[in-house]
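Structure, as structure tokens:
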Amino acid sequence: MILVGQYDSPYVRRVAIALHHYGIPFERNPISVFGDAGQMAAINPLVRIPSLILDDGEVLIDSVAILDHLDEVVGPARALTPRSGDARRHVMQLTAVATGAIDKAGALVYERHFHAASAINDAWLTRCRDQMCGGLAYLEGRLDGAWLALGRFTQADVTAAALIGYIKLRVSDVDVARAYPRLASLSARCEAMPEFAAARPRPEEVMPG
Ligand SMILES: N[C@@H](CCC(=O)N[C@@H](CS)C(=O)NCC(=O)O)C(=O)O
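For the record, in the sequence shown the residue sitting at position 67 is 63 according to our numbering, with numbers rising by one throughout.
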């Protein structure tokens, strides 16, 4: 199978981390969602990443649907999101807050990146930042042990760590270590794991200017 997208995307990254964690072999097509939009449109009608091209050619899009498929492939005993019940709801709630914060971080980054300084809408920027920080504060408040949920490593940790990695990369004016020390230590713990190291963005995986 082929994972499409660059590792500066936290969504691509969380899929890659899950693939490595599960020991599922894959290739990667690191085309840029912006620089290679034509090629991307032929893979994903939304021109977004990630996509996962399965061995029979079927293309899965959206990290939620891709991770759901991978969890089904490995089975409930190994899945990073529990299959049902309170445990599933709990992990999904925390994961949803982390993906929501990623969305707002992304909106903030795009506003800054694609507009000339004079055209940036400061009110929108502030709103995105407040929403992102709301998500970060929520997660920080729920982290009272090594992991976010169920006393073990779950998809909530993967996604929260991908969020922190993205903020450090693209929203570096947020001082994560000072404002969110528990998330900073979760991130450090996760980034030391081989599945995270294997999905680290290379210097050339950047947004075009
Ligand atoms: N809900 C989607 C969000 C994917 C997403 O926002 N990807 C970003 C990169 S991090 C993207 O493709 N941005 C380009 C665009 O939306 O035009 C998912 O979970 O896969």
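Each residue gets a CB set at the ideal place from its N, CA and C atoms; glycine is no exception.
Just so it is clear, the structure is predicted and the values come from calculations on it, not from any experiment.
Unbroken stretches of the alpha helix (DSSP H), 4 residues or longer, contained in the segment 10 to 45: Correct list: 33 to 39.
Candidates VAL154, GLN127, TYR18, LEU42: closest to ASP67 by CA position: Residue mapping note: residue 67 aligns to position 71 of the sequence shown, counting from 1. Residue TYR18 holds the alpha-carbon nearest to the alpha-carbon of ASP67 among VAL154, GLN127, TYR18, LEU42.
Candidates ILE45, PRO6, ARG10, HIS16: closest to ASN25 by CA position: Within the sequence shown, the letter at position 29 stands for residue 25. The residue with the shortest Cα to Cα distance from ASN25 is ILE45.
Collapsed DSSP secondary structure at VAL202 in the structure displayed: The residue given as residue 202 occupies position 206 in the sequence shown. Of the three classes helix, strand and coil, the one that applies to VAL202 here is coil, per DSSP.
Start-to-end residues for the beta strand (DSSP E) that takes in VAL87: Taking the first residue of the sequence shown as position 1, residue 87 is located at position 91. Where VAL87 is concerned, there is no enclosing beta strand (DSSP E), although the alpha helix (DSSP H) around it starts and stops at 81 to 110.
Segment contact flag, the segment 126 to 137 with the segment 184 to 195, C-beta cutoff 8 Å, min 3 pairs: Segments in contact, no.
Which of helix, strand or coil DSSP assigns to LEU76: In the sequence shown, counting from the first residue as 1, residue 76 sits at position 80. Correct three-state label for LEU76: coil.
CB-CB length for ILE98 against TYR162, believed under 8 Å: Reading the sequence shown from its first residue, position 102 is the one you call residue 98. Reading the sequence shown from its first residue, position 166 is the one you call residue 162. Indeed, because the Cβ distance is near 6 Å, the residues count as touching under 8 Å.
LEU139 - DSSP class collapsed to helix/strand/coil: Taking the sequence shown and counting its residues from 1, the one referred to as residue 139 is at position 143. Note: LEU139 maps to coil in three-state DSSP.
In DSSP terms, what VAL0 is bridged to: Position 4 of the sequence shown, counting from 1, holds the residue named residue 0. VAL0 is bridged by DSSP to ASN25, SER47.
Euclidean distance between Cα positions of TYR176 and GLY96: Residue 176 sits at position 180 when you count from the first residue of the sequence shown. Residue 96 sits at position 100 when you count from the first residue of the sequence shown. TYR176 and GLY96: Cα-Cα distance of roughly 17 Å.
Any non-hydrogen atom of ligand 1 closer than 6 Å to TYR3 Cβ: Looking up residue 3 in the sequence shown gives position 7. Distances from the CB of TYR3 to the heavy atoms of ligand 1 are all 6 Å or more.
Per-residue burial, ILE20 [other beta carbons within 10 Å of its own, 16 or more giving buried]: Numbered from 1 along the sequence shown, position 24 holds the residue referred to as residue 20. Counting Cβ neighbours within 10 Å, ILE20 comes out exposed, since fewer than 16 surround it.
Assigned secondary structure, VAL154 (DSSP; H/G/I helix, E/B strand, else coil): The residue you call residue 154 lines up with position 158 of the sequence shown. In the three-state reduction of the DSSP assignment, VAL154 falls in the helix class, which pools H, G and I.
Same chain only: Cβ atoms within 6 Å of LYS100, ignoring 5 sequence neighbours per side: As a first step, residue 100 must be located in the sequence shown, where it is residue number 104. Cβ neighbours of LYS100 within its own chain (closer than 6 Å, five residues either side excluded): CYS124, GLN127, MET128.
Pairwise C-alpha distance: PHE22 and ARG84: What you label residue 84 is simply residue 88 of the sequence shown in a count that begins at 1. What you label residue 22 is simply residue 26 of the sequence shown in a count that begins at 1. Straight-line Cα distance between these residues: approximately 27 Å.
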